[in-house]
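Quick note on my numbering: the sequence shown kicks off at 3 and runs consecutively.
All C-beta atoms in this analysis are idealised placements derived from N, C-alpha and C, irrespective of residue type, glycine included.
None of the values given here were measured: they were computed from a predicted structure.
This report refers to the structure that appears directly beneath it.
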Amino acid sequence: MSHIEVGILGATGMVGQQFIALLANHPWFKVTWLGASQRSEGKAYQDAAAWRLPAPLPEDVARMQVNAAKPGAAPRLVFSGLDSSVAGEIEGAFAQAGHFVISNSKNYRMEADVPLLIPEINADHLALLETQAAARGWKGSIVTNPNCSTIVLSMALAPLRTFGLKSVMITTLQAISGAGYPGVASWDILGNVIPFIDGEEHKIETETKKILGCYGDKRIDPHPVTVSASTTRVAVQDGHTESISVGLANRPTPEAVIDAFNSFKGKPQELGLPSAPAQPVVYLTEKNRPQPALDVDRGNGMTVTVGRLRPCPLLDYKFIALGHNTIRGAAGAAILNAELMHREGRL
Ligand code: NAP
3 MSHIEVGILG ATGMVGQQFI ALLANHPWFK VTWLGASQRS EGKAYQDAAA WRLPAPLPED
63 VARMQVNAAK PGAAPRLVFS GLDSSVAGEI EGAFAQAGHF VISNSKNYRM EADVPLLIPE
123 INADHLALLE TQAAARGWKG SIVTNPNCST IVLSMALAPL RTFGLKSVMI TTLQAISGAG
183 YPGVASWDIL GNVIPFIDGE EHKIETETKK ILGCYGDKRI DPHPVTVSAS TTRVAVQDGH
243 TESISVGLAN RPTPEAVIDA FNSFKGKPQE LGLPSAPAQP VVYLTEKNRP QPALDVDRGN
303 GMTVTVGRLR PCPLLDYKFI ALGHNTIRGA AGAAILNAEL MHREGRL
């Protein structure tokens, strides 16, 4: 099979680098175009980007020239890891010009006609693309993936919907890679916890309801769950850890909850998509897991691990969840979205 050419907007950033690493040996997609800011435009990628990943920078990409973030010469399918201060305008221009944009940025996530996709949970939300095309008259389209903490939370909550999910209290411990590069100053984060991440709590509280919601009548009905979030930045390189309490109307047994986590599967597993982990949510039985240092790379960074399920004196149960913020929470999520769209004939 010949490869589908793809471009990366924001290719030099933290998420952009993860796209390059994850697409290096992809069976369907091949990176042929890179876009970033004027700071990088015209430079060879290896001179424009401070490569931060343990995986080696692929040689062909290292020599590729970085382009201005303008539509036209880019391939039809474009992944975006653009800074949100510019993503709205640039991604919109690409969609209008006929590109399929798979975005990591916040700008379009909560628009009523834009899918906020996690293929294991809401693959049917892609039907919003028909509404989007009719409403905006774009030749292309925008599909978004959720905020990184929200993806981890939603993956842990989706298996619990069957128990009458009512309420969620969450506190995050988020990795520094989530703030991009160079991100948080070492003076601020070493030996410290920062109890504020701008806009993050609102994203978790609103995006989760859209993701878990139902598609019908050309729109999404948000899930009725109430979410209360507190977010913190901690001195961890990769992996967002989340302490979660849930209220469940049907009062399941602990065994039933653990079985729901472990047996949860969706469209990507059914279709055997290349980036799909065999088991999207894994319950770890050890009393001190999950931990970012030990568990963040499970399923090539696409598996969300959960553990420490116990009764909650305020709600019904509490547990810990962990996910890789730049893979399952960003680039890997976007690639899985594109794989689903390809298999459904939407590219
Ligand atoms: P980052 O490391 O700061 O990278 C930002 C990228 O945007 C760089 O490639 C930068 O290019 C480009 N850019 C900035 N200004 C531009 C402009 N005026 N025109 C064109 N390109 C411009 O940020 P990141 O952590 O990768 O995050 C990227 C996006 O993904 C953000 O919207 C973020 O909220 C979202 N996200 C991040 C994570 C995570 O864990 N890091 C997870 C989920 C979602 P230059 O290098 O040329 O400046």
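When DSSP reads this structure, residue 238 sits in no beta bridge, so it has no partner. Restricting attention to alpha helix (DSSP H) runs no shorter than 4 residues, the region 94 to 150 encloses them at 121 to 124 and 130 to 138, ordered along the chain.
Secondary structure within the region 179 to 209: the alpha helix (DSSP H) runs of 4 or more consecutive residues, fully enclosed, are 188 to 191 (chain order).
Residue environment for residue 48: exposed (fewer than 16 other C-beta atoms within 10 angstroms of its C-beta). With respect to the C-alpha of residue 274, the residue from 345, 237, 255 and 216 having the closest C-alpha is 345. The beta carbon of residue 89 sits closer than 7 Å to at least one heavy atom of the ligand NAP. Sorting 177, 199 and 249 by C-alpha distance to the C-alpha of residue 236 places 177 at the top.
Residue range 6 to 11 is occupied by the beta strand (DSSP E) that includes residue 9. Separation of residue 136 and residue 336 (C-alpha to C-alpha, rounded to the nearest whole angstrom) is 24 Å.
The Cβ atoms of residue 9 and residue 80 lie closer than 8 Å to each other.
The beta carbons of residue 88 and residue 22 sit no closer together than 8 Å.
Taking C-alpha positions only, residue 282 is separated from residue 197 by approximately 29 Å. For residue 69, DSSP records a beta bridge to 37. In this structure, DSSP gives residue 168 an extended state, which the three-state scheme calls strand. About 7 Å separates the Cβ atoms of residue 171 and residue 317, confirming a contact at the 8 Å cut-off. Proximity to residue 201 across 223, 151 and 285 peaks at 151, based on C-alpha coordinates. Rounded to whole angstroms, residue 225 and residue 214 show a C-alpha spacing of 6 Å.
Within the same chain, and ignoring the five residues on either side of residue 25 in sequence, the residues whose Cβ sits closer than 6 Å to its Cβ are 31 and 33.
At least one heavy atom of the ligand NAP falls within 7 Å of the beta-carbon of residue 17.
Taking a contact as a CB-CB distance under 8 Å, the pair residue 205 and residue 227 does not count as one, their CB atoms being some 15 Å apart. Straight-line measurement puts the Cα of residue 140 at about 33 Å from the Cα of residue 267. CA-CA distance, residue 43 to residue 66, rounds to 11 Å.
By alpha-carbon distance to residue 59, the top candidate from 279, 13, 260 and 179 is 13.
Collapsing the DSSP output to three states places residue 277 in coil. Within the same chain, Cβ atoms closer than 6 Å to the Cβ of residue 251 are found at 166 and 168, the five residues on either side in sequence being excluded.
The three-state secondary structure of residue 266, taken from DSSP, is coil.
Judged by DSSP in its simplified three-state form, residue 55 adopts coil rather than helix or strand. In this model, residue 19 and residue 53 are separated by some 7 Å (Cα to Cα). According to the DSSP assignment, residue 337 belongs to the alpha helix (DSSP H) that extends over 334 to 345. The three-state secondary structure of residue 232, taken from DSSP, is strand. CA-to-CA, the gap between residue 248 and residue 35 works out to about 44 Å.
Shown here, residue 176 sits in a strand according to DSSP, grouped into three states. Taken through DSSP and simplified to helix, strand or coil, residue 223 comes out as strand.
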